[in-house]
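Student: One structure coming up, written as structure tokens, with questions to follow.
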């Protein structure tokens, strides 16, 4: 009888260890995290506007008044540039790295002239950009992405009423997310 | 003769059974630590950052949601009413009051698995800061029920428990240290069908 009790206690100690191991290891092997889903859209280097129904990747516009577009990018070969212009009452952008940690986020009131113009670069690329500033980047916001080279961007625009729907859709459709070249 | 293998099997099955079950239930119960709770409304301002705790990281990797960044807004979720009872589609609720300062807000309902409820285009299934009808002091009352209501009616056409999601866009709420003073709308139960 005592050995049965001992076995159960051993099992519980093992369960506590296993709990910790699973929680810490889970982000590496779920295969359903946001970055994997964004990659599953097969749309690198351009904003992909999500539909209202979850597709094969399970990504969708959850909020009925927010139109969302996502873009997977890599700054391995050079900086990435995000641009959008248009008249929506509110838009916001956030940049995440491959571990889904927030790198940077902004909205239309923290932008220059209400337009999105953002460059994401590694610290070394950023030093080069600052050394020889490009004419076209005079208005751009520079963001440093120190640890990872891959990530994804989420661009959101609100469509509170049906009449603004068209503006929100075209705002997302005309946005760009591409490698920056001089 | 089989005592020792049996005991080993018992210890292993307890370890794996309890270990896996505890992980699943912990990830189902909460998004992680660091929640701010205002009445029934709960938000996780750090869940998307690198400062998130291991539970929040595991949860977000498993849910795979596109989270709101700090400058974008903050999402509050309510699974219970002000009395502490679970929100159920068998009951009717009134959401009354004002939201904390934000440039814009949206309100919609989800089922227990965080999938947005869409009751079809002919029924009102969501509200935002522009479409809600307000009183003279700019506060609002939203009736949440399965049956049609006058004024602001949020239709719940699905049986079972549900959650309410209030998204504040561009809000100082997340960074504010005086979070406790903020007032969220109240969720008051007004009646149940099968009481």
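Residue numbers (the numbering used here), protein chains in the order written: chain B, 1 to 182; chain E, 1 to 195. All residues carry an ideal CB built from backbone N, CA and C; glycine is no exception. In this text, all values refer to a predicted model and were calculated from it rather than measured experimentally.
(1) So what does DSSP say about residue 55 of chain E, is it helix, strand or coil?
(2) Residues in its own chain within less than 7 Å of residue 127 of chain B by CB, not counting five upstream and five downstream?
(3) Per DSSP, which one or two residues make a beta bridge with residue 99 of chain B?
(4) What does a CB cutoff of less than 7 Å around residue 171 of chain E pick up in its chain, not counting 5 residues either side in sequence?
(5) Could you pull out every residue in the same chain whose Cβ sits closer than 6 Å to the Cβ of residue 150 of chain B, ignoring the five residues on either side in sequence?
(6) Thinking C-beta only, is residue 182 of chain B closer than 8 Å to residue 134 of chain B?
(7) For the alpha helix (DSSP H) holding residue 47 of chain B, just list the boundary residues, first then last.
(8) Our contact map puts residue 206 of chain E next to residue 94 of chain E with C-beta atoms below 8 Å; I'd like the distance itself, whole angstroms only.
(9) Apart from the five residues on each side of it in sequence, which residues of its chain come closer than 8 Å, Cβ to Cβ, to residue 90 of chain B?
(10) Using a C-beta cutoff of 8 Å, does residue 54 of chain E count as contacting chain B?
(11) Tell me whether the beta-carbon of residue 47 of chain E lies closer than 8 Å to the beta-carbon of residue 24 of chain E.
(12) Among B:45, B:37, B:63, which residue has its Cα nearest to the Cα of residue 56 of chain B?
(13) Can you pull the chain B residues whose beta carbon is under 9 Å from the beta carbon of residue 122 of chain E, in chain order?
(14) Counting pairs of Cβ atoms below 8 Å between the region 43-61 of chain B and the region 167-175 of chain B, do you hit three or more?
(15) Taking 7 Å as the limit between beta carbons, can you name the residues of its chain near residue 61 of chain E, skipping five residues before and five after?
(16) Between which two residues does the alpha helix (DSSP H) carrying residue 37 of chain B extend?
(17) Determine the burial state of residue 192 of chain E: buried for a count of at least 16 other Cβ atoms within 10 Å of its Cβ, exposed for fewer.
(18) 8 Å is my cut-off, CB to CB: does residue 167 of chain E come that close to chain B?
(19) Taking the CB atoms as reference points, tell me whether residue 88 of chain E and residue 161 of chain E lie closer together than 8 Å.
(20) Could you tell me which whole beta strand (DSSP E) segments of length 3 or greater appear in the region 73-151 of chain E?
(21) For residue 138 of chain B, tell me which candidate among B:130, B:144, B:71 has the shortest Cα-Cα distance.
(22) What residues match up with residue 81 of chain B in a beta bridge as DSSP calls it?
(23) Could you tell me how far apart the beta carbons of residue 69 of chain E and residue 105 of chain B are, in whole angstroms, since I believe they sit closer than 8 Å?
(24) Excluding five sequence neighbours on each side, which residues of the same chain lie with their C-beta closer than 7 Å to the C-beta of residue 108 of chain E?
(25) State yes or no: is the beta carbon of residue 77 of chain E nearer than 8 Å to at least one beta carbon in chain B?
(26) My understanding is that residue 190 of chain E touches residue 58 of chain E, with C-beta atoms under 8 Å, so please give their C-beta distance in whole angstroms.
(27) Output yes or no for whether 8 Å exceeds the beta carbon distance between residue 183 of chain E and residue 97 of chain E.
(28) I want to verify the contact list: residues of chain E whose CB lies under 8 Å from the CB of residue 3 of chain B, in sequence order.
(29) Have a look at residue 180 of chain B and residue 119 of chain B and give me their C-alpha separation to the nearest angstrom.
(30) Can you tell me where the alpha helix (DSSP H) holding residue 151 of chain B begins and where it ends?
(31) Rounded to whole angstroms, what's the CA-CA distance from residue 105 of chain E to residue 34 of chain B? Just pull it up for me.
(32) With distances taken between CB atoms, is the gap from residue 86 of chain E to residue 78 of chain E smaller than 8 Å?
(33) Over the uninterrupted beta strand (DSSP E) stretch that includes residue 165 of chain E, give me the two end residues.
(34) Going by C-alpha distance, which of B:155, B:62, B:117 is nearest residue 114 of chain E?
(35) Using the DSSP secondary-structure output, state which residues sit across from residue 143 of chain B in a beta bridge.
Tutor: So, to answer that:
(1) As a first step, residue 55 of chain E must be located in the second chain, where it is residue number 55. Shown here, residue 55 of chain E sits in a helix according to DSSP, grouped into three states.
(2) By 1-based counting over the first chain, the position of residue 127 of chain B is 127. Sequence-distant Cβ neighbours of residue 127 of chain B in its own chain, meaning closer than 7 Å and more than five residues away, do not exist here.
(3) By 1-based counting over the first chain, the position of residue 99 of chain B is 99. According to DSSP, residue 99 of chain B bridges with nothing at all.
(4) By one-based count along the second chain, residue 171 of chain E stands at place 171. Same-chain partners within the cutoff: 73, 74, 100, 101, 102.
(5) Counted from its first residue, the first chain places residue 150 of chain B at position 150. So the qualifying residues of the chain are 74, 98.
(6) In the first chain, counting from the first residue as 1, residue 134 of chain B sits at position 134. In the first chain, counting from the first residue as 1, residue 182 of chain B sits at position 182. Result yes, Cβ atoms of residue 134 of chain B and residue 182 of chain B sit closer than 8 Å.
(7) As a working note, residue 47 of chain B is residue 47 in the first chain. Per DSSP, residue 47 of chain B lies in no alpha helix (DSSP H) and is assigned neither H nor E.
(8) Residue numbering for chain E in the displayed model covers 1 to 195; residue 206 of chain E lies beyond these limits and cannot be assessed.
(9) As a first step, residue 90 of chain B is located in the first chain; it is residue number 90 there, counting from the start. Taking residue 90 of chain B as the centre and dropping the five residues before and after it, the same chain places the C-beta of 107, 108, 157, 158 closer than 8 Å to its C-beta, in chain order.
(10) Within the second chain, numbered from 1, the residue matching residue 54 of chain E stands at position 54. With 8 Å as the cut-off, residue 54 of chain E counts as an interface residue toward chain B.
(11) Taking the second chain and counting its residues from 1, one reaches residue 47 of chain E at position 47. Taking the second chain and counting its residues from 1, one reaches residue 24 of chain E at position 24. Not in contact: residue 47 of chain E and residue 24 of chain E (Cβ atoms no closer than 8 Å).
(12) The residue given as residue 56 of chain B occupies position 56 in the first chain. The candidate whose alpha carbon is nearest that of residue 56 of chain B is B:37.
(13) Numbered from its first residue, the second chain carries residue 122 of chain E at position 122. Under the 9 Å cutoff, chain B gives no residues; its nearest Cβ is about 14 Å from residue 122 of chain E.
(14) The region 43-61 of chain B, when compared against the region 167-175 of chain B, does touch it at the 8 Å Cβ threshold.
(15) For the purposes of this step, residue 61 of chain E is taken as the residue at position 61 of the second chain. Counting only Cβ-Cβ distances below 7 Å, and skipping sequence neighbours, we find nothing.
(16) As a working note, residue 37 of chain B is residue 37 in the first chain. Taken as a continuous stretch (DSSP letters only), the alpha helix (DSSP H) holding residue 37 of chain B covers 34-39.
(17) Within the second chain, the letter at position 192 stands for residue 192 of chain E. Under this definition residue 192 of chain E is an exposed residue.
(18) For the purposes of this step, residue 167 of chain E is taken as residue 167 along the second chain, with counting starting at 1. Cβ-Cβ to chain B under 8 Å: yes for residue 167 of chain E.
(19) Along the second chain, read from residue 1 onward, the residue named residue 88 of chain E stands at position 88. Along the second chain, read from residue 1 onward, the residue named residue 161 of chain E stands at position 161. Yes, these two residues count as a Cβ contact at 8 Å.
(20) With a minimum length of 3 residues, the continuous beta strand (DSSP E) runs that stay inside the region 73-151 of chain E are 73-78, 91-97, 104-111, 126-128, 140-145.
(21) Locating residue 138 of chain B in the first chain gives position 138, counting from the first residue. Residue 138 of chain B has its Cα closest to that of B:130, out of B:130, B:144, B:71.
(22) As a first step, residue 81 of chain B is located in the first chain; it is residue number 81 there, counting from the start. In the DSSP assignment, the residues bridged to residue 81 of chain B are B:119, B:178.
(23) Mapped onto the second chain, residue 69 of chain E falls at position 69. Mapped onto the first chain, residue 105 of chain B falls at position 105. Cβ atoms of residue 69 of chain E and residue 105 of chain B come within 8 Å of each other, at about 3 Å.
(24) The residue given as residue 108 of chain E occupies position 108 in the second chain. Taken in chain order, the residues that qualify are 116, 125, 126, 165.
(25) Locating residue 77 of chain E in the second chain gives position 77, counting from the first residue. No, residue 77 of chain E does not count as interfacial toward chain B.
(26) Taking the first residue of the second chain as 1, we reach residue 190 of chain E at position 190. Taking the first residue of the second chain as 1, we reach residue 58 of chain E at position 58. The Cβ separation is near 38 Å, so there is no contact.
(27) Taking the second chain and counting its residues from 1, the one referred to as residue 183 of chain E is at position 183. Taking the second chain and counting its residues from 1, the one referred to as residue 97 of chain E is at position 97. Contact flag set, yes.
(28) On the first chain, residue 3 of chain B is found 3 positions in, with the first residue counted as 1. Chain E residues near residue 3 of chain B: 3, 7.
(29) The count along the first chain starts at 1 and reaches residue 180 of chain B at position 180. The count along the first chain starts at 1 and reaches residue 119 of chain B at position 119. Spanning the two alpha carbons is a distance of roughly 8 Å.
(30) One-based indexing of the first chain puts residue 151 of chain B at position 151. Taken as a continuous stretch (DSSP letters only), residue 151 of chain B belongs to no alpha helix (DSSP H), being part of the beta strand (DSSP E) at 150-158.
(31) Start at 1 with the first residue of the second chain, and residue 105 of chain E comes out as number 105. Start at 1 with the first residue of the first chain, and residue 34 of chain B comes out as number 34. Taking C-alpha positions only, residue 105 of chain E is separated from residue 34 of chain B by approximately 24 Å.
(32) Position 86 of the second chain, counting from 1, holds the residue named residue 86 of chain E. Position 78 of the second chain, counting from 1, holds the residue named residue 78 of chain E. The Cβ atoms of residue 86 of chain E and residue 78 of chain E do not sit closer than 8 Å to each other.
(33) Stepping through the second chain from its first residue, residue 165 of chain E is reached at position 165. From DSSP, the beta strand (DSSP E) with residue 165 of chain E extends over 162-169.
(34) Stepping through the second chain from its first residue, residue 114 of chain E is reached at position 114. Nearest C-alpha to residue 114 of chain E: B:62.
(35) For the purposes of this step, residue 143 of chain B is identified with residue 143 of the first chain, where counting begins at 1. BP columns for residue 143 of chain B point to B:120.
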